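Taking the numbering used here as reference, the numbering of the sequence shown is continuous, increasing by one, and the terminal residue is 283.
Glycine included, each C-beta is placed from N, C-alpha and C at the ideal position.
Keep in mind the model is a prediction, meaning the values are calculated, not measured.
To keep things clear, I will list the structure first and then write my remarks on it.
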Amino acid sequence: MQEATSDRLADEASRSVSSESDDYRILQNAVENGSATASGTTPPIDVDEPVRFQGGYYDVSATETARRERTSYDIRVDYNPDSPDTADSIAYADLPEEDRNALEGLIPPRDDPPQHDGFDMGTRYVYPENATESSVLVPTQQYEYIRYKESTYRVQFERGTVDEITYQYAVTEIAPSTEAYAEQLRSTYQFTLSGLSSAEREIVEEAIEGGYFDGASDAFRSVISRLRAHPGLETSDSYGTWLPEYEGTAYITYAEFPSDVTPAGREPDADDNVNSSN
């Protein structure tokens, strides 16, 4: 349980985007123009939770407007190839920019890559329109090995197809500031946690001090039952995040619990997993 300051609460119920990302560009267009169009083999922007953007908070919606088939390449890299053939190799620095973009995150490797027999890591990549014209790796792979500094890696490009989907994004401002958004969340989700037994109070206060980690005692199950009686910031049948107020202070409260713990005031029904071993 962490004290629910405005910053913490707003962060808990939103996500931010990097100013260097494509998400940022799409959102900026949508905010300035009312909507924005973007394409990708996966949705360019996650619309599952509000987005914090330039100080405000927005709900984002997406509508699919078109779909087409694109050529893709499954790229695999072997970081410890047996007897690399340097005659069939090219220096990473000599690759066309389009090929270096395709290998981003793979060569040079991030951190210490796993090293097994055969290929170690891979990704799927769709080259931009007409970018393969200068490529030396697709559509025909001219080099099997790539040299980077003192290392030589084996690469494989396998052609396939994926659907590229065009989305139209729209945004709706839900709050102009962190304080305003936090206040909205408080008015919707905050409730008072009171009338606790001494055993329940011990659990809550231990959670406030640093976290409660123990078995699912009757007191613990009772606390969870009280939490589950109220809407949460995020909930499921075995974990959730709530906003209770305890002794005058509101707390962002995360809990994991057996799935047979029902909300206070409701008896288990036939759909409840009363035999859960969580």
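Option in the options with minimal Cα separation from residue i
{"i": "SER241", "options": "PRO249, PRO263, ALA35 and ALA221", "result": "PRO263"}
{"i": "PHE348", "options": "ARG129, PRO55 and SER156", "result": "Since the first residue shown for the chain is 6 and the last is 283, residue 348 is missing from the structure and cannot be characterised."}
{"i": "GLU109", "options": "ILE50, PRO86 and TYR153", "result": "TYR153"}
{"i": "PRO144", "options": "ALA136, ALA260 and THR46", "result": "ALA136"}
{"i": "GLY220", "options": "PRO48, GLY123, GLY200 and GLU261", "result": "GLU261"}
{"i": "THR70", "options": "ALA41, PRO119, TYR259 and ASP79", "result": "ALA41"}
{"i": "ARG105", "options": "GLY45, THR177 and LEU142", "result": "LEU142"}
Span of the alpha helix (DSSP H) around residue i
{"i": "ARG105", "result": "102 to 107"}
{"i": "ALA15", "result": "11 to 17"}
{"i": "SER227", "result": "223 to 233"}
{"i": "ARG206", "result": "203 to 214"}
DSSP state of residue i mapped onto helix, strand, coil
{"i": "ASP168", "result": "strand"}
{"i": "ALA187", "result": "helix"}
{"i": "ALA92", "result": "helix"}
{"i": "ASP53", "result": "coil"}
{"i": "ILE179", "result": "strand"}
{"i": "GLY29", "result": "It should be pointed out that residue 29 corresponds to Tyr in this sequence rather than to Gly. Helix, per DSSP."}
{"i": "TYR4", "result": "Because residue 4 is not part of the residues shown, which for the chain are 6 to 283, the question remains open."}
{"i": "THR267", "result": "coil"}
Residues bridged to residue i [DSSP beta-bridge criterion]
{"i": "LEU248", "result": "GLN195"}
{"i": "GLN173", "result": "THR42 and THR68"}
{"i": "GLN161", "result": "ARG81"}
{"i": "SER241", "result": "SER241 is not bridged to any residue."}
{"i": "ARG115", "result": "Answer by DSSP bridge pairing: none, since ARG115 is not bridged."}
{"i": "GLU8", "result": "TYR256"}
{"i": "SER156", "result": "TYR153"}
Opening and closing residue of the beta strand (DSSP E) in which residue i lies
{"i": "ASP83", "result": "61 to 83"}
{"i": "TYR150", "result": "150 to 153"}
{"i": "THR137", "result": "Note, THR137: premise wrong, no beta strand (DSSP E); not H, not E."}
{"i": "THR258", "result": "254 to 261"}
{"i": "ASP130", "result": "For clarity, residue 130 is Tyr in the given sequence; the question names Asp instead. First-last of the beta strand (DSSP E) with TYR130: 126 to 130."}
*Between the stretch 221 to 232 and the stretch 163 to 178, do at least 3 Cβ pairs fall closer than 8 Å?*
no
Any contact between the stretch 235 to 250 and the stretch 190 to 200? By contact I mean 3 or more CB pairs, one from each, below 8 Å. yes
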